[in-house]
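Numbering (my numbering), first residue to last: 1 to 584. For every residue, glycine included, the Cβ atom is placed at its ideal position computed from N, Cα and C. This report concerns only the one structure given below.
And the structure:
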């Protein structure tokens, strides 16, 4: 018999929660529509199976299926194959649901036209005691868990994700099943996948589930560490699911560690770290006061501030540990060069993908923006005072897999330089401002590209991106450099550290750039397309910093391999008439 709504409920060793959860599901008011509840058990050993089997013996709406692999996404996919209804609701065993929960989901599907709808979770203490109450209070405040509207509430509308979604069955036919590589986060990845392919997710705050979180802070921290690690794995498998805000805990932890290390030697870093700690403490106290009032328990004023800190640090450490495992190739599933291509569902547009293995870069770039913020502000102020025009120079470049993006740099030329000279920049270019010469020599003009890294458009290390007009002349073989993300620095940048001087010495700078420098840079980059590792990137970053410092003090030949190829280029005596777009 075909039901109107299929509920799929994965579980394993949940004897404490399965009974109340089933009671609330079987009590749903559906106005004559029929319901089936498919429980997928991961071979429980605590009596969960017996509870479900007993319920199935007395209520034909309940079906018990086995999940020998134990993990949630496999169980969900098994249940989807068995489900008969045109609407599928993925429920969680740690919840009890209001009697109109499913009816409200069906109404939201009809009115929104979304591919997935859901509501908010009302976090309740698991058991009694101050520890459980602290966990519940932390889990439903924006300072604790971020601005997840399904946790903190808000107006109805389109969102990134919802918990315990309700889907038309056609959603899975259109976007694929749950990714069985992901022990955690399979719901979020699926929602990100359908959104990236043009689907929508709708949140209705009148749809409410009561959720029992961890019963102690220790349990919450263990969960945070595990979830943080799996976040990094998820971003490797599904880069399109990553948003800059997701790595805030990792950036927070990285900034703390760097601040502790550098604070002893750099007074400005010490002041910034102390100021940041003070702001964090004030925000934590304010959040604790709000929750103490909401829960009517003044003890939360004492327990929440340190709990916030412990949770954020543990979550951030989890992300960093996961990122380290991703970078080293120690993954809990088979590694692939472009893992997003293996995702179940439609192929995504390049502009909607982030690059594989971006967590390390995002954490470093975010921490760099935080720690370098005084320097960035000082440079911006001097640029503004020294010359008219914008502080940031923007230009369209070709990025990962050929997707265009806007690169950011500190402006180093006079305003209107595009209309005042040639299409390439040489070391003797009169358009460069006095500060611009310093910024270009030390490569500090590239620092705003840390924001490009945070946005997922660039990496720290990779081939330097070029303008569309230059890339249009690439051969098919040269286009292989687009298979890796563009970077702020590269081996080619280190070898050709005196590129502007070479251009100044050329009889035809435009032709020399197009016919000699571009092929040389691509040739160097291609040598490292298939030979990339965390060690390689760290070494490249180290040599970039060393080269910048040497150039800052006027050292000759400051590049890593500057002499290796320069003589060959000078001897090439290239002369061409090609015109390329000015690259600042």
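Per-residue burial, residue i [other beta carbons within 10 Å of its own, 16 or more giving buried]
i           : result
residue 544 : buried
residue 364 : buried
residue 296 : exposed
residue 158 : exposed
residue 237 : buried
residue 463 : buried
residue 299 : exposed
residue 589 : What the structure shows of the chain is the stretch from 1 to 584, and residue 589 is not part of that stretch, so it cannot be assessed.
residue 279 : exposed
residue 126 : buried
residue 161 : buried
residue 434 : exposed
residue 416 : exposed
residue 536 : exposed
Span separating the alpha-carbon of residue i from that of residue j
i           : j           : result
residue 257 : residue 269 : 12 Å
residue 20  : residue 6   : 19 Å
residue 274 : residue 56  : 59 Å
residue 431 : residue 414 : 6 Å
residue 324 : residue 360 : 8 Å
residue 312 : residue 249 : 6 Å
residue 447 : residue 369 : 8 Å
residue 479 : residue 110 : 46 Å
residue 555 : residue 484 : Here residue 555 scores only 46 on pLDDT, less than 50, and its place in the model is too uncertain to base an answer on.
residue 517 : residue 527 : 16 Å
residue 83  : residue 65  : 11 Å
residue 293 : residue 409 : 47 Å
residue 454 : residue 244 : 6 Å
residue 404 : residue 173 : 31 Å
residue 340 : residue 138 : Here the model assigns residue 340 a pLDDT of 43, short of 50, so the residue's position is not dependable, and the following value carries that caveat. Approximately 34 Å between the Cα atoms of the pair.
residue 235 : residue 290 : 33 Å
residue 262 : residue 169 : 54 Å
residue 209 : residue 156 : 16 Å
residue 461 : residue 467 : 18 Å
residue 27  : residue 99  : 6 Å
residue 52  : residue 320 : 39 Å
residue 184 : residue 30  : 31 Å
residue 8   : residue 459 : 40 Å
residue 465 : residue 282 : 42 Å
residue 375 : residue 171 : 49 Å
residue 39  : residue 10  : 6 Å
residue 439 : residue 548 : 10 Å
residue 539 : residue 477 : 27 Å
residue 444 : residue 379 : 9 Å
7 Å Cβ cutoff met for residue i and residue j
i           : j           : result
residue 48  : residue 3   : no
residue 37  : residue 62  : yes
residue 73  : residue 178 : yes
residue 306 : residue 285 : no
residue 166 : residue 105 : yes
residue 469 : residue 399 : no
residue 202 : residue 114 : yes
residue 124 : residue 212 : yes
residue 366 : residue 251 : yes
residue 442 : residue 550 : no
residue 233 : residue 329 : no
residue 148 : residue 97  : no
residue 15  : residue 46  : yes
Three-state secondary structure assigned by DSSP to residue i
i           : result
residue 447 : coil
residue 163 : coil
residue 205 : strand
residue 186 : helix
residue 515 : helix
residue 8   : strand
residue 157 : strand
residue 395 : strand
residue 81  : helix
residue 350 : Note that residue 350 has pLDDT 40, beneath the 50 cutoff, so the model's placement of it is unreliable and the number below is only indicative. The answer is helix: DSSP assigns residue 350 an H, G or I state.
residue 38  : strand
residue 529 : coil
residue 89  : strand
residue 357 : Summary for residue 357: the model assigns pLDDT 45, below 50, so the residue's position carries little reliability; its value from the coordinates is reported in the next sentence. Here residue 357 sits in coil by DSSP.
residue 210 : strand
residue 65  : strand
residue 51  : helix
Any non-hydrogen atom of the ligand MG within 6 Å of residue i CB
i           : result
residue 289 : Ligands in the displayed structure: none, and consequently the ligand MG is not present.
Alpha helix (DSSP H) runs contained entirely in the segment 91 to 154, provided each spans 4 or more residues: 101 to 112, 130 to 139, 142 to 145 and 149 to 152
Runs of alpha helix (DSSP H) lying entirely within the segment 298 to 331, each at least 4 residues, in chain order: 300 to 328
Any beta strand (DSSP E) of 3 or more consecutive residues that is wholly inside the segment 438 to 502: 459 to 461 and 487 to 489
Runs of alpha helix (DSSP H) lying entirely within the segment 217 to 280, each at least 4 residues, in chain order: 217 to 237 and 248 to 263
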